[in-house]
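Following: one structure in structure tokens, then a few remarks.
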Amino acid sequence: MTDEHHVEEKLRALVRSWGVSTFSERIALQWLERFLGSDKDCDDFRRLRKWIVLQLNQRRVPDDCSKWQRGCPEVIPLLRATPVWDCSEFPWVQTLESNYAVIKEELLALKDCSKSGFQPYRAPTWASDIHAKDGLGSAGHDAGDWNVLYLFLHNVDFQTNRALCPKTAAIIESIDGHYDHTFFSALAPRTHVKKHNGPTNKKLRCHLPLVVPGGTCRLRAGDEVVYAQEGKCFVFDDSFEHEAWNDDDSRSRIVLIIDVWHPDLSAQERKFLGFLRNAQLRMDKTMCQDSGDNFYSIIKKAGEASISPHEAVWS
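In terms of this note's numbering, the numbers along the sequence shown are unbroken and rise by one, the last being 322.
Structure (structure tokens):
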């Protein structure tokens, strides 16, 4: 077997490991040929080339990644890595903060809705060692209660929720680099979201605090701690180990969470990574009927749960 043929076989095996359809495999291979055949000095693909080589060598994270990112399943090389970012790098932060009152008004109006859209935060059992008390997947908190209202979540249709908050949805859609993942996150009194790493470093996460009991709500990302202030955004890299607290005894903390593409990624890299993400999620969705412990199944069942989170959300 020639070296060229050996590399081709390794690339095919890598693409198969991504768990996409046969059609998507063919498209992915065409992308890989572009990456590996392009000028090595071309900035458009250099991060992805490093990432592909990393995977071909059966490695998950580069040697030089932060110790706080070691628990992240996917670390793409050559992306700036800092736990908490300067908001001045993101022009859309000003848009969010200037619309804080509008977004909060739509959020608070949900309190009087018979179906507010909030549901328990749940994930497949492999995502956490905390099994949900109701038997539905795993939970991310080890104290208190955590509920979410999804507005955007990749291939899941939350149009009904967006209709409850149309101005907020329009603001989110205007954000350059939106990663198609946005939700309201409500931590009940005395809630702790246990330390964990997000799934990838190809995105960053923004919090816009909307309801914050004074001085009791904080988030640690890596070795930095941020205290939430109503109407004041903060942006962090959730590939770093992080955890969150609402230590208030009687009031919930509610924030709007928006994911955005990492700003170092080129337009071409975003295009490929977006294609791959959506292809994997589509395959995941087609398999959800065969597995109750699946990303889509868990979210769907959590939304249909008979237990109302109203009191936990609006304390």
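We put the beta carbon where it would ideally sit given N, CA and C, even for glycine.
### Query
Any idea what DSSP makes of W268, helix, strand or coil?
In the sequence shown, residue 268 corresponds to position 261, counting from 1. Looking at W268 - three-state DSSP - the assignment turns out to be strand.
### Task
Starting from F1, follow its DSSP beta bridges and name the residues at the other end.
Nothing about residue 1 can be reported from this structure: the residues present for the chain run from 8 to 322 only.
### Query
Can you name, in chain order, every residue of its own chain whose Cβ lies under 7 Å from the Cβ of F191, other than the five neighbours on each side?
Numbered from 1 along the sequence shown, position 184 holds the residue referred to as residue 191. Within the same chain, F191 has close Cβ partners L114, V155, L156, I261, L263.
### Query
Taking the alpha carbon of S121 as the point to measure from, which residue in N168, W99, G78, P131 has its own alpha carbon closest?
As a first step, residue 121 is located in the sequence shown; it is residue number 114 there, counting from the start. That would be N168, whose Cα lies nearest to the Cα of S121.
#### Entry: Burial state of D164, where buried means 16 or more other Cβ atoms lie within 10 Å
The sequence position of residue 164 within the sequence shown is 157, counting from 1. It counts as exposed.
### Query
Do you know how far the Cα of C172 is from the Cα of D119?
What you label residue 119 is simply residue 112 of the sequence shown in a count that begins at 1. What you label residue 172 is simply residue 165 of the sequence shown in a count that begins at 1. Taking the CA atoms as reference points, D119 sits about 13 Å from C172.
### Query
What are the start and end residues of each continuous beta strand (DSSP E) run of 3 or more residues lying completely inside the region 111-155, in chain order?
Correct list: 148-150.
### Message
Rounded to the nearest angstrom, what separates G221 and D141 at their Cα positions?
### Response
Within the sequence shown, residue 221 is the residue found at index 214, counting from 1. Within the sequence shown, residue 141 is the residue found at index 134, counting from 1. When rounded, the distance between both Cα atoms is 31 Å.
### Query
Looking at the structure shown, is W252 part of a helix, part of a strand, or coil, going by DSSP?
Working through the sequence shown from its first residue, we reach residue 252 at position 245. The three-state secondary structure of W252, taken from DSSP, is strand.
### Endpoints, beta strand (DSSP E) assigned at A228
Residue numbering aside, residue 228 sits at position 221 when the sequence shown is read from its first letter. DSSP places A228 in the uninterrupted beta strand (DSSP E) bounded by 224-228.
#### Entry: Nearest residue (CA-CA) to G26, options H317, E112, R289, K210
By one-based count along the sequence shown, residue 26 stands at place 19. Between G26 and the set H317, E112, R289, K210, the nearest pair of CA atoms involves R289.
### Task
Please confirm if the region 197-206 is in contact with the region 170-187, defined as three or more CB-CB distances below 8 Å between the two stretches.
Judged by Cβ distances under 8 Å, the region 197-206 makes no contact with the region 170-187, as fewer than three pairs qualify.
### Per-residue DSSP class, three states only, for W25
Here residue 25 refers to the residue found at position 18 when the sequence shown is read from its first residue. DSSP places W25 in coil when its eight states are reduced to three.
### Query
What is the C-beta distance between S273 and D50, in whole angstroms, given that I count them as a contact (C-beta under 8 Å)?
Taking the sequence shown and counting its residues from 1, the one referred to as residue 273 is at position 266. Taking the sequence shown and counting its residues from 1, the one referred to as residue 50 is at position 43. With a contact defined as Cβ atoms closer than 8 Å, S273 and D50 qualify at about 6 Å.
### Task
Quick one: measure Cβ to Cβ for D291 and F279, integer angstroms, because I've assumed they're closer than 8 Å.
On the sequence shown, position 284 is the one that residue 291 refers to. On the sequence shown, position 272 is the one that residue 279 refers to. D291 to F279, Cβ: 19 Å. No contact.
### Spatial distance of G147 from N285 (CA atoms)
Here residue 147 refers to the residue found at position 140 when the sequence shown is read from its first residue. Here residue 285 refers to the residue found at position 278 when the sequence shown is read from its first residue. Near 24 Å, if we compare the C-alpha coordinates of N285 and G147.
### Query
Comparing alpha-carbon positions, which option in W153, P90, I182 lies nearest F159?
The residue given as residue 159 occupies position 152 in the sequence shown. For F159, the nearest C-alpha among the options comes from I182.
### Query
What do you get for P98, buried or exposed, if any count of 16 or more other CB atoms within 10 angstroms of its CB means buried?
Walking along the sequence shown from the start, residue 98 turns up at place 91. By the 16-neighbour rule on beta-carbons within 10 angstroms, P98 is exposed.
#### Entry: Residue from R23, I179, V109 whose Cα sits closest to the Cα of Q62
By one-based count along the sequence shown, residue 62 stands at place 55. The closest CA to that of Q62, considering only R23, I179, V109, is found on R23.
#### Entry: Residue nearest to K174 in terms of C-alpha spacing, selected from V91, C79, N106
Locating residue 174 in the sequence shown gives position 167, counting from the first residue. Nearest of V91, C79, N106 to K174, Cα basis: N106.
### Query
Three-state secondary structure (DSSP) at V219?
Counted from its first residue, the sequence shown places residue 219 at position 212. V219 carries a coil assignment under DSSP once its states are collapsed to helix, strand and coil.
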